[in-house]
Amino acid sequence: MGALNILAFVGFTGLVAILSYYWTRGTDEHHSDGYFLGGRSLTAPVIAGSLLLTNLSTEQIVGLTGQAYSEGILVMAWETLAAIAMVVTALVLLPRYLRSGISTIPSFLEERFDRQTKTITSILFLSGYVIVLLPIVLYSGALALSNMFDVPALLGVSPTAALWLTVWAIGIVGSIYAIFGGLKAVAVSDTINAVGLFTGGLLIPLFGLAAIGEGSVFQGISTLYNSNPEKFDSIGGPDSSIPFATIFTGMMLVQLFYWGTNQAIIQRALGAKDLKEGQKGLLFAGVLKIFGPVIVVLPGIVAYHLFEGQLEVADEAYPRLVTAVLPTAFHGFFAAVLFGAILSSFNSALNSSVTLFGVDIYREYFRHDATDEQVVSAGKKFGTILAIASMTIAPFIANAPQGLFGYLQEVNGCYSIPILTIILVGIFTRKVPPHAAKIALASGVGLYILSQFVLKNIVGADSYPHFLHVMFILFVLNVCIMLVIGKLHPAEKPWVPTESHAVDMTPWPMAKPLGALIVLIVVSTYFVFT
Numbered sequence: 002m003g004a005l006n007i008l009a010f011v012g013f014t015g016l017v018a019i020l021s022y023y024w025t026r027g028t029d030e031h032h033s034d035g036y037f038l039g040g041r042s043l044t045a046p047v048i049a050g051s052l053l054l055t056n057l058s059t060e061q062i063v064g065l066t067g068q069a070y071s072e073g074i075l076v077m078a079w080e081t082l083a084a085i086a087m088v089v090t091a092l093v094l095l096p097r098y099l100r101s102g103i104s105t106i107p108s109f110l111e112e113r114f115d116r117q118t119k120t121i122t123s124i125l126f127l128s129g130y131v132i133v134l135l136p137i138v139l140y141s142g143a144l145a146l147s148n149m150f151d152v153p154a155l156l157g158v159s160p161t162a163a164l165w166l167t168v169w170a171i172g173i174v175g176s177i178y179a180i181f182g183g184l185k186a187v188a189v190s191d192t193i194n195a196v197g198l199f200t201g202g203l204l205i206p207l208f209g210l211a212a213i214g215e216g217s218v219f220q221g222i223s224t225l226y227n228s229n230p231e232k233f234d235s236i237g238g239p240d241s242s243i244p245f246a247t248i249f250t251g252m253m254l255v256q257l258f259y260w261g262t263n264q265a266i267i268q269r270a271l272g273a274k275d276l277k278e279g280q281k282g283l284l285f286a287g288v289l290k291i292f293g294p295v296i297v298v299l300p301g302i303v304a305y306h307l308f309e310g311q312l313e314v315a316d317e318a319y320p321r322l323v324t325a326v327l328p329t330a331f332h333g334f335f336a337a338v339l340f341g342a343i344l345s346s347f348n349s350a351l352n353s354s355v356t357l358f359g360v361d362i363y364r365e366y367f368r369h370d371a372t373d374e375q376v377v378s379a380g381k382k383f384g385t386i387l388a389i390a391s392m393t394i395a396p397f398i399a400n401a402p403q404g405l406f407g408y409l410q411e412v413n414g415c416y417s418i419p420i421l422t423i424i425l426v427g428i429f430t431r432k433v434p435p436h437a438a439k440i441a442l443a444s445g446v447g448l449y450i451l452s453q454f455v456l457k458n459i460v461g462a463d464s465y466p467h468f469l470h471v472m473f474i475l476f477v478l479n480v481c482i483m484l485v486i487g488k489l490h491p492a493e494k495p496w497v498p499t500e501s502h503a504v505d506m507t508p509w510p511m512a513k514p515l516g517a518l519i520v521l522i523v524v525s526t527y528f529v530f531t
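Quick note: the sequence shown uses my numbering, first residue 2, plus one each step.
Right under this line is the structure:
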C-alpha cells in the first residue's frame with residue numbers, strides 16, 4: 002500500500018472512532034443498562050448494522066469464500082437460512098426477552114429455572130468465547146490482513162512479527178470500544194463499518210466479474226455461469242460440507258442458536274429502544290442477509306474460474322482475488338473496512354463476555370451488594386484481562402484459517418445446542434422443573450463431545466453422520482428428556498413470565514408480512530439454483 006492508501010486506512014478508521022464517540026457521548030456508561038445495553042436506546046439501523054458486522058469477520062468471509070471455491074453456491078445456506086432464523090427471533094423470541102427486561106440470556110434462564118442454570122450457561126458461553134472465538138477471530142483476522150496487504154514488507158518486519166503486531170493492533174482498538182465504550186459504542190461503530198463493508202464487499206465480486214467479462218460485469222456473469230454450471234447447484238450431495246438433508250435438521254438449529262440465543266448477537270436486540278425497533282432491526286438485517294452470498298459466496302466461484310488449479314488451499318481464494326482484481330486505489334479503504342469487520346467480531350464477543358461476567362457472575366458470587374458502578378468496573382477489569390490473554394494466545398494458534406469456518410461450527414456445538422434446547426423448552430413449557438434443564442445441559446454437552454471427539458475417531462469420519470445431523474439427534478433427545486422429567490416430576494408451581502415494563506412492547510405492524518416475504522425469498526432461491 003502506498004501513502005494514499007495508508008492515509009485512507011487511517012482516515013476511515015479514525016472517522017469511525019470519532020463518530021462513535023460523538024454519537025455515544027450522552028450515554029450513561031456507569032450503570033448496568035447504560036453500559037451493557039446502551040441505555041436501552043438502540044434503534045433499528047444501529048441494531049441491523051451491528052448484527053451484520055458482528056456476524057461478518059475473516060473466518061466467515063475467507064472461510065465461506067474458500068468453501069464456495071471448492072463446492073460452489075450450496076454453501077449459501079450459512080447465509081440465506083440465517084434470515085429465517087432472524088424472522089423467528091423477531092416474532093417469537095425477542096418479545097419474550099424484552100418483556101422480561103433481561104440483560105443476558107442466562108438471566109432469562111434464572112427467571113425460568115434457577116440461579117444454578119444461569120451460572121452453568123454463563124460459564125458455557127464464556128468458555129466458548131475465551132477458548133475458541135476470541136483467539137481465532139484475532140488470529141484469522143491478523144493473518145488475513147497481514148497476507149492480503151503485505152504487512153511484513155510494509156513495516157519491514159518478519160511475517161511472525163507482522164502477525165503479532167496486527168493481532169495486538171486489532172485487540173487494543175477492539176478492547177477500547179468494547180471495554181471502555183460499552184455496547185452502544187460497539188453497536189454504533191459496527192453500523193458505520195457495516196456500510197463500508199457492504200460497499201467494499203460488493204466491489205470484490207463486481208471487479209472479479211468485470212475481469213472475467215473483459216470489462217463487462219454482465220458478460221462476466223454469463224461466462225461464469227456457462228463455464229461452471231456445477232458451481233451453481235444449491236443442493237449439496239451426501240459428501241458435501243452441507244448435505245441437503247442437513248438444512249432440515251441441524252442447520253436451522255445452529256442458525257436459531259446463533260441469531261436467537263447467542264449473547265454476543267442477541268445483546269444488540271436486547272438493547273432496543275422498544276419492541277418495534279428491535280423487530281425492525283432484526284428483520285432489516287434479515288433482508289440484507291439474503292444478499293450475503295454476493296459478498297461471501299460469489300467471490301469463491303469467481304476465484305475458482307480465475308485461479309482453478311493455482312491455489313494450494315481453498316482458503317487462499319479470497320486474499321488472492323482481492324490482490325488480483327481490486328484496483329490499488331481501493332486497497333486502503335478495503336483494508337479499513339476489513340479491519341472494522343474483524344474488530345466487530347472481536348469487540349462484540351469481548352463486550353458480551355464482560356456483560357456475562359459482570360451481570361451473571363460478579364454480583365452473584367463475588368459481591369452480592371455491589372452497586373451498578375462496581376459491577377461495571379469489575380466487568381471492565383475482567384474484559385481487560387480477557388483481552389490481554391486473547392491477544393497473547395492468538396499468535397500461537399498453530400493452524401492457519403483453512404477450514405476454520407466449518408471447524409468453528411462443529412466445535413461450537415458443544416454448548417450451542419444444549420443452551421438452545423433449554424431455552425426453547427423453557428419458553429414453550431410451564432411445568433418443566435429446573436433440574437431438567439441441568440440434566441439436559443450435562444447430557445447435551447457430554448454426549449456431543451463423546452460423539453464428535455471420541456466415537457467419530459473410532460468409527461471414522463467418512464462413515465460417521467454429519468455433525469449437523471448429530472446436533473439434531475441430540476436436540477430431539479434432550480427435548481424429550483426434559484419433557485419426560487416435566488411430566489413425571491413437574492415443578493411445584495407453573496412458571497409465569499414476568500412483566501418488567503422496561504420498554505414499550507407494541508409490536509411492529511409490518512413484522513409478520515416482512516417476515517413472511519423473507520422466508521418466501523429464501524425458499525425461492527433453492528428452486529432458482531436447483
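Where is the CB? At the ideal position from N, CA and C, for every residue including glycine.
What you are looking at is a predicted structure, and each value in this text was computed from that prediction instead of being measured.
Query raised in the report: Who are the Cβ neighbours of G293 in its own chain at under 6 Å, not counting the five residues just before and after it?
Result: The residue labelled residue 293 in the question sits at position 292 within the sequence shown. The answer, listed in chain order, is E80.
**Report entry** Cβ-Cβ distance between A265 and G282 below 8 Å
**Finding:** In the sequence shown, residue 265 corresponds to position 264, counting from 1. In the sequence shown, residue 282 corresponds to position 281, counting from 1. Result no, Cβ atoms of A265 and G282 do not sit closer than 8 Å.
Query raised in the report: Based on the DSSP output, what are the partners of A273 in its beta bridges?
Result: Position 272 of the sequence shown, counting from 1, holds the residue named residue 273. Its beta-bridge partners are L43.
Query raised in the report: Going by alpha carbons, who is nearest to G341 out of F528, P239, F199?
Result: Here residue 341 refers to the residue found at position 340 of the sequence shown. Closest option to G341, Cα to Cα, is F199.
Query raised in the report: chain D beta carbons: is any one of them nearer than 8 Å to that of N348?
Result: Although the question refers to chain D, the structure presented lacks it and comprises just one protein chain.
Query raised in the report: Helix, strand or coil: which one does DSSP assign to S104?
Result: Walking along the sequence shown from the start, residue 104 turns up at place 103. Note: S104 maps to coil in three-state DSSP.
Requested in this report: Would you grab the beta carbon distance between V63 and A69 for me? Rounded to a whole angstrom, and I think it's under 8 Å.
Outcome: Locating residue 63 in the sequence shown gives position 62, counting from the first residue. Locating residue 69 in the sequence shown gives position 68, counting from the first residue. About 11 Å; that fails the 8 Å criterion.
Query raised in the report: When you compare only the Cα positions, how much space is there between H332 and S147?
Result: Sequence index remark: in the sequence shown, residue 332 carries index 331 (1-based). Sequence index remark: in the sequence shown, residue 147 carries index 146 (1-based). Answer to the nearest angstrom: the Cα atoms are 13 Å apart.
Report task. Counting only runs of 3+ residues fully inside the region 425-467, write out the beta strand (DSSP E) ranges in chain order. Result -> Runs of the beta strand (DSSP E) inside the region 425-467: none found.
**Report entry** Close beta carbons around F367, own chain, < 8 Å, minus the five adjacent residues each side
**Finding:** Taking the sequence shown and counting its residues from 1, one reaches residue 367 at position 366. A379.
**Report entry** Start-to-end residues for the alpha helix (DSSP H) that takes in Y319
**Finding:** Walking along the sequence shown from the start, residue 319 turns up at place 318. Counting along the chain, the alpha helix (DSSP H) containing Y319 begins and ends at 318-326.
Query raised in the report: Which residues in the same chain have their Cβ closer than 7 Å to the Cβ of L139, if we skip the five residues on either side of it in sequence?
Result: As a first step, residue 139 is located in the sequence shown; it is residue number 138 there, counting from the start. Within the same chain, L139 has close Cβ partners V168, I171, G172, F347, S391, M392, A395.
Query raised in the report: Between which two residues does the alpha helix (DSSP H) harbouring N227 extend?
Result: For this step, residue 227 is matched to residue 226 along the sequence shown. It spans 218-228 - the alpha helix (DSSP H) in which N227 sits, taken as one unbroken run.
Query raised in the report: How many angstroms separate the CA atom of F468 from the CA atom of C481?
Result: For this step, residue 468 is matched to residue 467 along the sequence shown. For this step, residue 481 is matched to residue 480 along the sequence shown. Rounded to whole angstroms, F468 to C481 spans 20 Å at the Cα level.
Requested in this report: Kindly indicate the opening and closing residues of the alpha helix (DSSP H) around L344.
Outcome: For the purposes of this step, residue 344 is identified with residue 343 of the sequence shown, where counting begins at 1. 332-356 is the extent of the alpha helix (DSSP H) around L344.
Requested in this report: May I ask you to report which of helix, strand or coil DSSP gives E215?
Outcome: As a working note, residue 215 is residue 214 in the sequence shown. It is coil, neither helix nor strand.
Requested in this report: Please look up how many angstroms separate the CB atoms of V520 and I85, rounded, as I've assumed it's under 8 Å.
Outcome: Here residue 520 corresponds to residue number 519 of the sequence shown, with the count starting at 1. Here residue 85 corresponds to residue number 84 of the sequence shown, with the count starting at 1. Yes, they are in contact, since the Cβ atoms of V520 and I85 sit about 6 Å apart, within 8 Å.
Report task. Grab me the residues of T531's own chain with a C-beta within less than 8 Å of its C-beta, minus the 5 sequence neighbours each way, in chain order. Result -> In the sequence shown, residue 531 corresponds to position 530, counting from 1. Here the set comprises D234, S235, I236.
Query raised in the report: What did DSSP end up calling V314 once you bin it into helix, strand or coil?
Result: Within the sequence shown, the letter at position 313 stands for residue 314. Looking at V314 - three-state DSSP - the assignment turns out to be coil, as it is neither helix nor strand.
Query raised in the report: Residues in its own chain within less than 7 Å of L203 by CB, not counting five upstream and five downstream?
Result: Within the sequence shown, the letter at position 202 stands for residue 203. The beta carbon of L203 lies closer than 7 Å to those of V295, I296 in the same chain, with the five residues before and after it left out.
Query raised in the report: Does the beta-carbon of N479 have 16 or more other beta-carbons within 10 angstroms, so that it is buried, or is it exposed?
Result: Position 478 of the sequence shown holds residue 479. So N479 counts as buried.
Requested in this report: With distances taken Cα to Cα, identify the nearest neighbour of H436 among T250, A337, E111, A462.
Outcome: Working through the sequence shown from its first residue, we reach residue 436 at position 435. Considering only alpha carbons, the answer is E111.
Query raised in the report: What is the DSSP secondary structure of K232, counted as helix, strand or coil?
Result: For this step, residue 232 is matched to residue 231 along the sequence shown. The answer is helix: DSSP assigns K232 an H, G or I state.
Query raised in the report: For Q311, does the count of other Cβ atoms within 10 angstroms reach 16, so buried, or fall short, so exposed?
Result: Translated into the one-based positions of the sequence shown, residue 311 becomes position 310. Burial call: exposed.
Query raised in the report: Do you know offhand how far M103's Cα is from V255's?
Result: As a working mapping, residue 103 is identified with position 102 in the sequence shown. As a working mapping, residue 255 is identified with position 254 in the sequence shown. Met is not the amino acid found at residue 103; the sequence shown has Ile there. Between I103 and V255, the alpha-carbon positions lie close to 23 Å from each other.
**Report entry** Proximity below 8 Å, CB of A91 to CB of F334
**Finding:** Reading the sequence shown from its first residue, position 90 is the one you call residue 91. Reading the sequence shown from its first residue, position 333 is the one you call residue 334. Not closer than 8 Å, so no.
Query raised in the report: If Y441 and I423 are in contact, beta carbons under 8 Å, what's the gap, nearest whole angstrom?
Result: Here residue 441 refers to the residue found at position 440 when the sequence shown is read from its first residue. Here residue 423 refers to the residue found at position 422 when the sequence shown is read from its first residue. As written in the sequence, residue 441 is Ala, which differs from the Tyr given in the question. So it is a contact: roughly 5 Å between Cβ atoms.
Report task. Tell me whether the beta-carbon of L52 lies closer than 8 Å to the beta-carbon of A286. Result -> By 1-based counting over the sequence shown, the position of residue 52 is 51. By 1-based counting over the sequence shown, the position of residue 286 is 285. Taking 8 Å as the cut-off, the Cβ atoms of L52 and A286 count as close.
**Report entry** Residues near I428 by beta carbon distance below 7 Å, same chain, minus five either side
**Finding:** The residue labelled residue 428 in the question sits at position 427 within the sequence shown. Closer than 7 Å at Cβ, skipping near neighbours: R97.
**Report entry** Reduced DSSP secondary structure (H/G/I, E/B, other) of G35
**Finding:** In the sequence shown, residue 35 corresponds to position 34, counting from 1. Legend: pLDDT at G35 = 44, less than 50; position of this residue unreliable, no value from coordinates given.
Requested in this report: Using three-state DSSP, classify T247 as helix, strand or coil.
Outcome: Locating residue 247 in the sequence shown gives position 246, where the first residue counts as 1. Three-state result, T247: helix.
Query raised in the report: From V477 to N413, what distance separates their C-alpha atoms?
Result: Mapped onto the sequence shown, residue 477 falls at position 476. Mapped onto the sequence shown, residue 413 falls at position 412. Cα to Cα, the separation comes out at about 18 Å.
Report task. Classify S159 as helix, strand or coil using the three-state DSSP reduction. Result -> Walking along the sequence shown from the start, residue 159 turns up at place 158. Note: S159 maps to coil in three-state DSSP.
Query raised in the report: Can you tell me whether DSSP reads D361 as helix, strand or coil?
Result: Residue 361 sits at position 360 when you count from the first residue of the sequence shown. D361: helix per DSSP, three-state reduction.
Query raised in the report: Using a Cβ-Cβ cut-off of 7 Å (strictly less than) and excluding sequence neighbours within five positions of A517, which residues of its own chain qualify?
Result: Taking the first residue of the sequence shown as 1, we reach residue 517 at position 516. Taking C-beta separations shorter than 7 Å and ignoring five residues to either side along the sequence, A517 has no partners in its chain.
Query raised in the report: If you follow the alpha helix (DSSP H) that W79 is part of, which residue opens it and which one closes it?
Result: The sequence position of residue 79 within the sequence shown is 78, counting from 1. Looking at the DSSP string, the run of the alpha helix (DSSP H) that includes W79 is 78-89.
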